[in-house]
Amino acid sequence: MGESLFNKVWDLHAVRELPTGQTQLFIGLHLVHEVTSPQGFQMLHDADLGVLCPERTFATVDHIVPTDTHARPLADGLAEQMLQALERNAKRHGIEFFDIGSGDQGIVHVIGPEQGLTQPGMTIACGDSHTSTHGAFGAVAFGIGTTQVRDVLATQCLALARPAVRRVEVDGPLGPGVYAKDVVLHVIRVLGIQGGVGYAYEFAGSTFDAMSMEERMTVCNMAIEGGARVGYVNPDETTFDFLRGRPHAPAGDDFENAIGWWRSMASDADAPYDDRVAIDARQIGPTVTWGINPGQSVGVDETLPALSEFPDGDRATAEEAYGHMGLRPGDKILGTKIDVAFIGSCTNSRLSDLREAARVVRGRSVAPGVRALVVPGSEAIKREAEQEGLHEVFRAAGFEWREAGCSMCLAMNPDKLVGNELCASSSNRNFKGRQGSPTGRTLLMSPAMVAAAAVGGRVADVRDL
Amino acid sequence: MSSEVEKIERREGRGIVVRGDDIDTDRVIPARYMKSISFAGLEEFVFADARRAQDGTPKDHPFNEARFEGASILVVNKNFGCGSSREHAPQALMRWGIRAIVGESFAEIFAGNCTAIGLPAVTAAGDDVAALMDVVELDPASPVVVDLTAGKLTSRAGSAPITMPAGARGQLLDGSWDAMRTLLAARDEIERKAGSLPYPGNFPAR
Chain P
924 MGESLFNKVW DLHAVRELPT GQTQLFIGLH LVHEVTSPQG FQMLHDADLG
974 VLCPERTFAT VDHIVPTDTH ARPLADGLAE QMLQALERNA KRHGIEFFDI
1024 GSGDQGIVHV IGPEQGLTQP GMTIACGDSH TSTHGAFGAV AFGIGTTQVR
1074 DVLATQCLAL ARPAVRRVEV DGPLGPGVYA KDVVLHVIRV LGIQGGVGYA
1124 YEFAGSTFDA MSMEERMTVC NMAIEGGARV GYVNPDETTF DFLRGRPHAP
1174 AGDDFENAIG WWRSMASDAD APYDDRVAID ARQIGPTVTW GINPGQSVGV
1224 DETLPALSEF PDGDRATAEE AYGHMGLRPG DKILGTKIDV AFIGSCTNSR
1274 LSDLREAARV VRGRSVAPGV RALVVPGSEA IKREAEQEGL HEVFRAAGFE
1324 WREAGCSMCL AMNPDKLVGN ELCASSSNRN FKGRQGSPTG RTLLMSPAMV
1374 AAAAVGGRVA DVRDL
Chain R
415 MSSEVEKIER REGRGIVVRG DDIDTDRVIP ARYMKSISFA GLEEFVFADA
465 RRAQDGTPKD HPFNEARFEG ASILVVNKNF GCGSSREHAP QALMRWGIRA
515 IVGESFAEIF AGNCTAIGLP AVTAAGDDVA ALMDVVELDP ASPVVVDLTA
565 GKLTSRAGSA PITMPAGARG QLLDGSWDAM RTLLAARDEI ERKAGSLPYP
615 GNFPAR
C-alpha cells in the first residue's frame, strides 16, 4: 500500500509522539513577517532563549508596507516601529531579511517560492493563514499563531495533531476566461468554507497537472478559505522547472539528487485517502463572490440565489450577506457597479496574473469614477513586469502602478476602501470590514475579471471582451 | 510564558452570547488595530466594528451590554474564528476577560491559538448551544461551568456533553498547552532530525 505526500512528509518530520497523542513536528522552513512576529520574539526574549535554527528562518515585511512609496521612515509611525522591530530581531538572531529596497522584498507567500526557499517535501510554517500557498510545491505548509511562532523560533517544532487527507480531484480543461482563481472559488463553493476543517486538501487531477506553479499557488493559497489549513499539489516537472536556478534552490548535482528525492515524496498511485471528491472542470465558469465569505459565490452569468435555496444552517449568514452587500436574491451579479478595482495580494499578484490583467486592459481605459490599482507581489515581480512594459499598459489605462506589499487585501496600510465602496478584488477574503472600511464591500474574482470590471465600471464577463 | 505548569480542568463564570455562524477573526479584531508590537490593549477593540459606528457611537452588541459585564464564558455558533490566523483574536477576547469559549464548531487555526494561550474552546451540539444561549440571555448572572475533565457543560439549561480535539484537551489537562518547554525537552532529537532531513545540501545521491 502506498502513501500520500502529506503522510510521507508528516512522518519524515515527526520528532516524537507527545504524551497528548500529538506529534512534535519539525518545521523545515519558518517564514516571518512584521505583524505576527514581534510578540513572538518578545516572548522568546522573556524566556531567555534564542532562535534555534536561524538558517531555517527568513523574514520579510509586507502587511504594513505603504505601496505609494517605500521611502523610510514610513509615514505611519506605528508601521515604521513594526518594521524596525523586525529589523532588530532579524539582526539580533542572524535571520536573513528581505527588507524593502533590497530588491527581494515582497509578500511572504510570493517571495518564498521566488527565492527557491519553498521546496517539495518540506514542512513550512508562518504566522499567516495563507501559508497554505507553499503547498503548491508539494510542501506541507500552514499558518500558525504568534505563540506558535515563538515555539518555532525557540524549538523549530510545533505540537500538532495529524489531520485527515482529502483528495480534491478536478479533471478537464478550463474554458476560455476561466482561471485558477475560479477553480478554487468553485471548490470552496462546492465543499463549503468549513468543509476542510480537520483536513489537508490534496489538489489532484488533470486540471491541476496542467497548471503553472503560479496557478497552483493561487489554488493552494485559498485552501484555508475552504477551512483546510493545508492544501498541496504533488510535485512534478513543472515544479522542478520552476525551482531550477533559484537563489535558495539546491544547485548542481544536489539539484539532480533533489529531483529524485522530491519525486519519491509525491503521493503514490495507490495511496489511501480519508475522503475523495471529484469535480468536473468543464462546469467551472468565471466566478464572483457576492457575499461576506468566500463560499458565497456564483458564476458570473448566474443570478444570486433565493434565500429558500440555502440549507437552514446557512440562511441567516446569507441574509446578513445580502444586507451588508446591498444586493438582493435574484439580482444578476453581472453589471453590478463597482467603485474600486484591486489587482494584488498573495493570491493573485504574480507576473502571470499581471500579464492576464494587462491583456484585458490594453487599449482600454478605466471607467470614470473607478479607482484602480495594481500592486505587484514583490519587488522582483515589479521589475519583471516593468521590463515587459506592463506598467505602461496599466498606467495608460488609468490604473495606479504601486510598490510591492499586501495593500488593499487587508488594509493594514494606507490602501483602504472608504465608506461602502464596492471593490472588485483579486484578493482572498470578502469578510465584512476586511478592506479597511466596516461598511466596505468586496467581490472576489480573478485578476482578468477585475481588469474587465475596471474598464467597464461594472462586473463584466471577461469572455465577452 | 508562565514558568509554572498550569493545568486547566474547569472554567466557571457568567456567560456572554455572540450569535451567528462564520464569525471571522477580522470581525473579532479588525486588522487596523493590529498595528502594534505588543498585544497590550487589544481588549478595547474586540469586535470593534460591530460594537461602534464609525463616528464612535455604540451599537447594539453583547460586548457593550452592562448585563454581560464580567462575563467569562463566551457562547458562539458555527465556524467561529475562521479566516486570518491572527492570535490577536483570542488574545483580545482573553484580555477582555473571556476564559472559555463554547461553540458549535471552530476554525482550526483559531482553536489551536486558543489552546496555545490556555483558552479552552469546546464544542457542544447545536441544540445544547441554543439552549445555553437562551438561558444566558435570560439570566446573564447565572453560572456556566465548563468541565474539561468530565467533558460536561453545566448551566441553568442543565448538563450537556462537550468535546474538543483529544490532543488539545490533553494539553490543557496536563498543563502542556504552552508547548515550548515540552518541545525543547527533546532538543537532542530535534538536532538529530534536523541533521537527517533530505534538505538542500543533504539529498540522497541517486
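Keeping their order, the protein sequence lines are chains P and R. Each residue of the first sequence is one higher than the one before, starting from 924 at the first, in this note's numbering. Each residue of the second sequence is one higher than the one before, starting from 415 at the first, in this note's numbering. A virtual CB, placed ideally from N, CA and C, is assigned to each residue, including glycine. All of these numbers come straight from a predicted model, not from anything done at the bench.
For M508 (chain R), there are no C-beta contacts with chain P under 7 Å, since the nearest C-beta of that chain is about 12 Å from it.
Per DSSP, L972 (chain P) lies in no alpha helix (DSSP H) and is assigned neither H nor E. F949 (chain P) reaches chain R at I604, K607, A608, L611, counting residues in chain order whose Cβ is nearer than 8 Å. With a cutoff of 7 Å on beta-carbon distance, T1078 (chain P) and L598 (chain R) are scored as near each other. Contact between L1083 (chain P) and Q945 (chain P) is confirmed by a C-beta separation of about 6 Å, below the 8 Å threshold. Using a Cβ distance threshold of 7 Å, G963 (chain P) and V1072 (chain P) count as a contacting pair.
For S1369 (chain P), the number of other beta carbons within 10 angstroms of its own is at least 16, and it is reported as buried. Sequence-distant Cβ neighbours of G1258 (chain P) in its own chain, meaning closer than 7 Å and more than five residues away, are R1381, V1382. According to DSSP, L1296 (chain P) shares a beta bridge with P:F1265, P:E1323.
Judged by DSSP secondary structure, F981 (chain P) falls within the beta strand (DSSP E) whose first and last residues are 980-983.
The distance from the Cβ of N491 (chain R) to that of D435 (chain R) is about 5 Å, consistent with a contact at the 8 Å cut-off. Excluding its 5 nearest sequence neighbours in each direction, E1302 (chain P) has C-beta neighbours in its own chain below 7 Å: G1026, D1027, Q1028, G1029, A1327, listed in chain order. The criterion of a C-beta distance shorter than 7 Å is not satisfied by A1374 (chain P) and V1293 (chain P). Chain-ordered, the chain R residues with CB closer than 8 Å to the CB of P942 (chain P) read G584, D588, S590. Taking the beta carbon of D1051 (chain P) as reference, the chain R residues within 7 Å of it are S499, listed in sequence order.
A residue is called buried when at least 16 other Cβ atoms come within 10 angstroms of its Cβ; D592 (chain R) meets this threshold and is buried.
The Cβ atoms of P444 (chain R) and D463 (chain R) sit closer than 7 Å to each other. Under the three-state reduction of DSSP output, A514 (chain R) falls in the strand class. When the beta-carbon positions are compared, V1263 (chain P) and E1344 (chain P) come within less than 7 Å of each other. Ranked by Cα distance from I531 (chain R), the first of R:A608, R:D542, R:A582 is R:A582. Around A521 (chain R), the beta-carbon contacts reaching into chain P at under 8 Å are Q1117, V1120, G1150.
The residue from P:R979, P:D934, P:V1031, P:T1365 with its alpha-carbon nearest to that of I1018 (chain P) is P:R979.
At least one CB of chain P lies nearer than 7 Å to the CB of P579 (chain R).
Going by C-alpha positions, D541 (chain R) is about 43 Å away from A1192 (chain P). Using beta-carbon distances, A564 (chain R) does not count as an interface residue toward chain P, since no partner is under 7 Å. CA-to-CA, the gap between E1125 (chain P) and S1052 (chain P) works out to about 17 Å. Segment contact: the segment 1062-1072 of chain P against the segment 1174-1190 of chain P, fewer than three CB-CB distances shorter than 8 Å; contact not assigned.
Exclusion of the five residues before and after G1128 (chain P) leaves E1092, V1093, D1094 as the residues of its chain whose Cβ lies within less than 6 Å of its Cβ. Assignment of P1036 (chain P) by DSSP, reduced to helix, strand and coil, places it in the helix class. Along the segment 432-451 of chain R, the positions whose C-beta sits under 9 Å from a C-beta of chain P are R433, G434, D435, D436, D438, T439, D440, R441, P444, A445, R446, M448, K449, S450, I451, read in chain order.
If you ignore the 5 residues before and after G497 (chain R), its C-beta comes within less than 8 Å of the C-beta of D438, T439, D440, A521, all in its own chain and listed in chain order.
Within 9 Å of the CB of P1158 (chain P), no CB atom of chain R is found; the nearest one sits about 13 Å away. F929 (chain P) and S1190 (chain P) have their alpha carbons spaced roughly 8 Å apart. Setting aside the 5 residues that flank it on each side, E1243 (chain P) is surrounded in the same chain by I1215, each with a C-beta closer than 8 Å to its C-beta; the list follows chain order. Under the criterion of beta carbons closer than 8 Å, H956 (chain P) and T983 (chain P) qualify as touching, at roughly 6 Å. Taking C-alpha positions only, L1366 (chain P) is separated from S1220 (chain P) by approximately 9 Å.
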